[in-house]
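In UniProt numbering, the protein residues as written are 1 to 206.
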Amino acid sequence: MIVLHHLNKSRSKRIIWLLEELGVEYRIEAYQRDAQSNLAPDQLKAIHPLGKSPVVEHNGRVIAESGAITEYLCQRYRPDMIPATDSKHYIDYLQWMHFAESSAILPLLLKMFVDKDGAKMNMLDQYAQNEVAKVMGFFNDNAGAHFLVDDTLSGADIMMSFIVDALHRSGALAFFPNLQSYYDFLAGQALFQKAESIEAELDKTV
1 MIVLHHLNKS RSKRIIWLLE ELGVEYRIEA YQRDAQSNLA PDQLKAIHPL
51 GKSPVVEHNG RVIAESGAIT EYLCQRYRPD MIPATDSKHY IDYLQWMHFA
101 ESSAILPLLL KMFVDKDGAK MNMLDQYAQN EVAKVMGFFN DNAGAHFLVD
151 DTLSGADIMM SFIVDALHRS GALAFFPNLQ SYYDFLAGQA LFQKAESIEA
201 ELDKTV
(Lines of atoms letter the chains of each structure in order from A and count residues from 1; the text may use other names and numbers.)
(Lines give C-alpha, C1' and ligand atoms only; values in the text may rest on other atoms or scores of the structure.)
Protein backbone atom coordinates (compact mmCIF):
# COMPACT_ATOMS: atom_id res chain seq x y z
CA MET A 1 0.00 0.00 0.00
CA ILE A 2 1.06 3.56 -0.67
CA VAL A 3 1.38 5.76 2.40
CA LEU A 4 1.16 9.53 1.94
CA HIS A 5 2.59 11.67 4.72
CA HIS A 6 0.37 14.70 4.38
CA LEU A 7 0.81 18.13 5.97
CA ASN A 8 -2.21 20.41 6.17
CA LYS A 9 -2.19 23.43 3.86
CA SER A 10 0.69 22.10 1.80
CA ARG A 11 1.64 20.87 -1.65
CA SER A 12 0.62 17.35 -0.71
CA LYS A 13 -3.04 18.10 -1.45
CA ARG A 14 -2.23 17.60 -5.12
CA ILE A 15 -0.85 14.15 -4.31
CA ILE A 16 -4.19 13.25 -2.72
CA TRP A 17 -5.82 14.23 -6.01
CA LEU A 18 -3.26 12.17 -7.93
CA LEU A 19 -3.84 9.09 -5.77
CA GLU A 20 -7.58 9.40 -6.30
CA GLU A 21 -7.07 9.65 -10.06
CA LEU A 22 -4.80 6.59 -10.00
CA GLY A 23 -7.46 4.54 -8.26
CA VAL A 24 -4.89 2.80 -6.07
CA GLU A 25 -5.13 1.74 -2.44
CA TYR A 26 -3.46 4.29 -0.19
CA ARG A 27 -3.38 5.51 3.39
CA ILE A 28 -2.79 9.02 4.70
CA GLU A 29 -0.69 9.85 7.74
CA ALA A 30 -1.76 13.40 8.60
CA TYR A 31 0.37 16.09 10.27
CA GLN A 32 -0.56 19.60 11.40
CA ARG A 33 1.40 22.82 11.10
CA ASP A 34 2.44 24.54 14.31
CA ALA A 35 -0.19 27.12 15.21
CA GLN A 36 2.43 29.79 15.98
CA SER A 37 5.25 29.20 13.50
CA ASN A 38 3.15 27.61 10.74
CA LEU A 39 6.02 25.15 10.27
CA ALA A 40 5.79 21.38 9.87
CA PRO A 41 6.12 19.32 13.06
CA ASP A 42 9.37 17.56 13.90
CA GLN A 43 7.67 14.18 13.46
CA LEU A 44 8.04 14.52 9.70
CA LYS A 45 11.82 14.44 10.08
CA ALA A 46 11.50 10.83 11.20
CA ILE A 47 10.10 10.05 7.74
CA HIS A 48 12.52 12.17 5.70
CA PRO A 49 15.47 14.28 6.95
CA LEU A 50 14.08 17.47 5.41
CA GLY A 51 10.91 17.19 7.44
CA LYS A 52 8.71 18.33 4.57
CA SER A 53 5.55 17.09 2.88
CA PRO A 54 4.50 15.45 0.64
CA VAL A 55 6.44 12.27 1.26
CA VAL A 56 5.31 8.88 -0.01
CA GLU A 57 6.32 5.45 1.20
CA HIS A 58 6.03 2.63 -1.33
CA ASN A 59 7.68 -0.77 -1.65
CA GLY A 60 10.13 0.03 1.13
CA ARG A 61 11.24 3.34 -0.41
CA VAL A 62 10.66 6.88 0.80
CA ILE A 63 10.01 9.35 -2.01
CA ALA A 64 10.10 13.11 -1.48
CA GLU A 65 9.41 16.05 -3.83
CA SER A 66 6.04 16.51 -5.51
CA GLY A 67 7.43 16.23 -9.03
CA ALA A 68 9.31 13.00 -8.33
CA ILE A 69 6.26 11.50 -6.61
CA THR A 70 3.98 12.49 -9.49
CA GLU A 71 6.30 11.12 -12.16
CA TYR A 72 6.94 7.88 -10.28
CA LEU A 73 3.27 7.13 -9.57
CA CYS A 74 2.09 8.10 -13.05
CA GLN A 75 4.74 5.91 -14.67
CA ARG A 76 3.82 2.96 -12.47
CA TYR A 77 0.02 3.19 -12.40
CA ARG A 78 -1.22 5.57 -15.11
CA PRO A 79 1.28 5.86 -17.97
CA ASP A 80 -1.57 7.34 -20.01
CA MET A 81 -1.11 10.48 -17.89
CA ILE A 82 2.31 10.97 -19.50
CA PRO A 83 2.49 11.83 -23.22
CA ALA A 84 4.58 9.50 -25.35
CA THR A 85 8.18 10.69 -25.53
CA ASP A 86 7.99 10.88 -29.33
CA SER A 87 4.77 12.92 -29.34
CA LYS A 88 4.58 16.65 -29.95
CA HIS A 89 3.06 17.09 -26.48
CA TYR A 90 5.90 15.56 -24.46
CA ILE A 91 8.01 18.72 -24.27
CA ASP A 92 4.99 20.76 -23.14
CA TYR A 93 4.35 18.15 -20.44
CA LEU A 94 7.95 18.29 -19.20
CA GLN A 95 8.00 22.07 -19.11
CA TRP A 96 4.78 22.35 -17.07
CA MET A 97 5.92 19.57 -14.73
CA HIS A 98 9.07 21.51 -13.86
CA PHE A 99 7.55 25.00 -14.12
CA ALA A 100 5.39 24.30 -11.06
CA GLU A 101 8.29 23.97 -8.63
CA SER A 102 10.77 26.27 -10.35
CA SER A 103 9.65 29.48 -12.07
CA ALA A 104 6.09 29.48 -10.73
CA ILE A 105 6.47 28.84 -7.02
CA LEU A 106 9.30 31.23 -6.09
CA PRO A 107 7.56 34.57 -6.74
CA LEU A 108 4.38 33.33 -5.06
CA LEU A 109 6.31 32.32 -1.95
CA LEU A 110 8.24 35.60 -1.90
CA LYS A 111 5.02 37.60 -2.15
CA MET A 112 3.38 35.51 0.56
CA PHE A 113 6.31 35.95 2.95
CA VAL A 114 6.56 39.70 2.33
CA ASP A 115 2.81 40.19 2.80
CA LYS A 116 2.70 38.09 5.95
CA ASP A 117 5.80 39.53 7.56
CA GLY A 118 4.78 43.13 6.97
CA ALA A 119 8.39 44.27 7.02
CA LYS A 120 9.58 47.23 5.00
CA MET A 121 11.38 45.40 2.22
CA ASN A 122 10.43 47.58 -0.69
CA MET A 123 12.95 46.11 -3.15
CA LEU A 124 11.95 42.52 -2.39
CA ASP A 125 8.26 43.37 -2.47
CA GLN A 126 8.58 45.05 -5.87
CA TYR A 127 10.65 42.17 -7.21
CA ALA A 128 8.07 39.65 -6.01
CA GLN A 129 5.20 41.62 -7.57
CA ASN A 130 7.02 41.95 -10.89
CA GLU A 131 7.90 38.25 -10.95
CA VAL A 132 4.36 37.18 -10.10
CA ALA A 133 3.02 39.35 -12.92
CA LYS A 134 5.59 38.02 -15.40
CA VAL A 135 5.47 34.33 -14.50
CA MET A 136 1.73 34.12 -13.98
CA GLY A 137 1.18 36.19 -17.09
CA PHE A 138 3.08 33.53 -19.02
CA PHE A 139 1.00 30.81 -17.37
CA ASN A 140 -2.19 32.73 -18.18
CA ASP A 141 -1.20 33.19 -21.84
CA ASN A 142 -0.60 29.47 -22.26
CA ALA A 143 -3.49 28.05 -20.26
CA GLY A 144 -6.97 27.41 -21.55
CA ALA A 145 -10.28 26.24 -20.21
CA HIS A 146 -9.27 22.58 -20.13
CA PHE A 147 -6.23 20.43 -19.31
CA LEU A 148 -2.78 21.83 -20.05
CA VAL A 149 -1.41 19.14 -22.38
CA ASP A 150 -3.22 17.56 -25.33
CA ASP A 151 -6.62 18.28 -23.69
CA THR A 152 -6.19 15.29 -21.35
CA LEU A 153 -5.33 14.94 -17.69
CA SER A 154 -1.60 14.56 -17.10
CA GLY A 155 0.94 14.90 -14.33
CA ALA A 156 1.35 18.51 -15.46
CA ASP A 157 -2.16 19.34 -14.24
CA ILE A 158 -1.49 17.62 -10.93
CA MET A 159 1.63 19.72 -10.43
CA MET A 160 0.17 23.02 -11.62
CA SER A 161 -3.01 22.58 -9.57
CA PHE A 162 -1.16 23.80 -6.47
CA ILE A 163 -0.12 26.99 -8.25
CA VAL A 164 -3.54 27.88 -9.59
CA ASP A 165 -5.13 26.93 -6.26
CA ALA A 166 -2.74 29.28 -4.44
CA LEU A 167 -3.72 32.09 -6.82
CA HIS A 168 -7.38 31.31 -6.22
CA ARG A 169 -6.97 31.44 -2.44
CA SER A 170 -5.10 34.76 -2.64
CA GLY A 171 -7.77 36.33 -4.85
CA ALA A 172 -5.25 36.94 -7.65
CA LEU A 173 -7.13 34.92 -10.27
CA ALA A 174 -9.23 38.02 -10.96
CA PHE A 175 -6.19 39.35 -12.87
CA PHE A 176 -5.73 36.18 -14.95
CA PRO A 177 -8.93 35.24 -16.82
CA ASN A 178 -7.49 32.17 -18.54
CA LEU A 179 -6.22 30.84 -15.23
CA GLN A 180 -9.63 31.49 -13.71
CA SER A 181 -11.16 29.33 -16.43
CA TYR A 182 -8.51 26.66 -15.91
CA TYR A 183 -9.07 26.64 -12.15
CA ASP A 184 -12.84 26.44 -12.60
CA PHE A 185 -12.37 23.47 -14.92
CA LEU A 186 -10.10 21.63 -12.47
CA ALA A 187 -12.38 22.46 -9.55
CA GLY A 188 -15.23 20.89 -11.48
CA GLN A 189 -13.50 17.50 -11.65
CA ALA A 190 -15.12 14.99 -9.29
CA LEU A 191 -11.86 13.58 -7.92
CA PHE A 192 -10.36 17.06 -7.51
CA GLN A 193 -13.37 17.88 -5.36
CA LYS A 194 -12.92 14.65 -3.42
CA ALA A 195 -9.26 15.49 -2.73
CA GLU A 196 -10.33 18.96 -1.59
CA SER A 197 -12.83 17.40 0.81
CA ILE A 198 -10.28 14.88 2.17
CA GLU A 199 -7.70 17.62 2.74
CA ALA A 200 -10.25 19.79 4.52
CA GLU A 201 -11.22 16.94 6.84
CA LEU A 202 -7.57 16.37 7.74
CA ASP A 203 -6.92 20.03 8.53
CA LYS A 204 -7.44 20.41 12.27
CA THR A 205 -6.53 24.11 12.31
CA VAL A 206 -9.79 25.32 10.76
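Glycine included, every Cβ here is placed at the ideal spot set by N, Cα and C. Remember, predicted model here, so these are calculated numbers, not experimental data.
Close-in-space but distant-in-sequence residues of the same chain around residue 174 (CB under 8 Å, 5 per side omitted): Excluding positions up to five away in sequence, the list reads 180.
Residue 250 classed as buried or exposed, judged by whether at least 16 other C-beta atoms fall within 10 angstroms: Residue 250 is absent from the structure shown; the chain starts at 1 and stops at 206.
Buried/exposed call for residue 34, threshold 16 Cβ in 10 Å: exposed
Paired residues, beta bridge with residue 57 - DSSP: Paired residue(s): 3, 62.
From 22, 176, 159, 188, residue whose alpha carbon lies closest to that of residue 12: 159
Pair within 8 Å by beta-carbon distance, residue 47 and residue 62: yes
First and last residue of the uninterrupted alpha helix (DSSP H) at residue 156: 155–170
Validate contact between the stretch 135–143 and the stretch 67–77 using beta carbons, cut 8 Å, 3 pairs: no
Cut-off 6 Å between Cβ atoms - residues of its own chain near residue 64, not counting five sequence neighbours on either side: 48, 55
Element boundaries [alpha helix (DSSP H), containing residue 201]: 190–202
Reference residue 151, options 32, 88, 67, closest by Cα: 88
Inter-residue spacing [alpha-carbon to alpha-carbon] between residue 92 and residue 199: 29 Å
Per DSSP, the bridge partner or partners of residue 26: 2
Where residue 21 falls, given that 16 or more other Cβ within 10 Å makes a residue buried: Per the 10 Å Cβ criterion, buried.
Helix, strand or coil at residue 70 [DSSP, three-state]: helix
Reference residue 38; option with closest CA among 171, 113, 107, 195: 113
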